[in-house]
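Notes to accompany the following structure.
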Amino acid sequence: MEEIIGGINMENIQNLNNNELFEDFSSNIGFDDRESFEFSITRQAKIGEGKFEYTLIDVTREDGVRTQYGIKNQIIYKYRVLNEEGREVLILDKNNISQSSESKFRRNIKSYCDALGTTHINLKDLVNIKGTLEIKHNSDEQGNVYENVISIYPRNEFEQKVGIQGIDATPCEEIDA
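Going by this note's numbering, the sequence shown opens with residue 34, and the numbers climb by one from there.
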């Protein structure tokens, strides 16, 4: 029986969470490494702590995500980063959409706007932008270790394209939560 809360199918949210857990179980596999047979009972960080060069490879939005703060809408940045061994890893940075100027979401939007010299931005136009990000680790009571992107420092530099192709989205000051 489907449980619907506020128009959100909670079974779908649970399935998404289960998929994330499965992905985390094999998190030691590199970005393109399907030959690895190395697994761990606890999740290990894909990359150490510190500052790393990145390329933003995708931006998506997920609505109705269960978080420790309740049901939230999120923007998910997908970064391609080289780890300490020079292997590509995929880092996901999930930001709860928020109007608060103190939120990670707003800090990231401001960083991108500042780097591009604008006050309006379409997040999809950021795909292939380069920059530096800073990682710190978080752990839980089961001993799982997660990467946490604490800061981004984007540059107005894009992989395989120059600049952005149009700034036609919501102003940074008026983002719809």
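A virtual CB, placed ideally from N, CA and C, is assigned to each residue, including glycine.
| Check | Outcome |
| --- | --- |
| By the three-class DSSP mapping on this structure, what secondary structure does Met-110 have? | According to the sequence provided, residue 110 is Tyr. The question's Met does not apply to it. If DSSP states are grouped into helix, strand and coil, Tyr-110 belongs with the strands. |
| Who does Ser-184 pair with in a DSSP beta bridge? | Glu-167 |
| What's the gap between the Cα of Lys-137 and the Cα of Ser-69? | 34 angstroms |
| Looking only at its chain, what residues have a beta carbon closer than 8 angstroms to the beta carbon of Gly-176, apart from the 5 residues adjacent to it on each side? | Thr-75 |
| When you compare only the Cα positions, how much space is there between Val-122 and Asn-106? | 25 angstroms |
| If you follow the beta strand (DSSP E) that Asn-155 is in, where does it begin and where does it stop? | No beta strand (DSSP E) holds Asn-155; DSSP gives it neither H nor E. |
| Under the rule that 16 or more other beta-carbon atoms within 10 Å means buried, what is Phe-85, buried or exposed? | buried |
| Buried or exposed for Asp-126, please, with buried defined as at least 16 other CB atoms from any protein chain shown within 10 angstroms of its CB. | buried |
| Go through the region 75-140 residue by residue and report every complete run of the beta strand (DSSP E) that reaches 3 residues or more, in order. | 83-100, 103-115 and 121-129 |
| Using a Cβ-Cβ cutoff of less than 8 angstroms, which residues in the same chain neighbour Asn-128 once the five nearest sequence positions on both sides are dropped? | Gln-107, Ile-108, Ile-109, Tyr-110, Ser-136, Lys-137, Phe-138 and Asn-141 |
| Given that a residue counts as buried once 16 or more other Cβ atoms are within 10 Å of its Cβ, and exposed if not, what is Lys-157? | exposed |
| Excluding the 5 residues preceding and the 5 following Asp-96 in the sequence, name in chain order all residues of the same chain whose CB lies nearer than 6 angstroms to its CB. | Asn-106 |
| Among Gly-164, Glu-167, Gly-81 and Ser-184, which one has its Cα closest to the Cα of Glu-17? | No answer is possible for residue 17: the residues shown for the chain start at 34 and end at 210. |
| With distance defined between alpha-carbon atoms, name the residue in Leu-149, Ile-124 and Gly-103 nearest to Val-92. | Ile-124 |
| Do Gln-193 and Asn-155 come within 8 angstroms of each other at the CB atom, strictly closer than that value? | no |
| Alpha carbons only, please: which of Arg-99, Gln-101, Leu-115 and Val-98 is nearest the one belonging to Ile-168? | Leu-115 |
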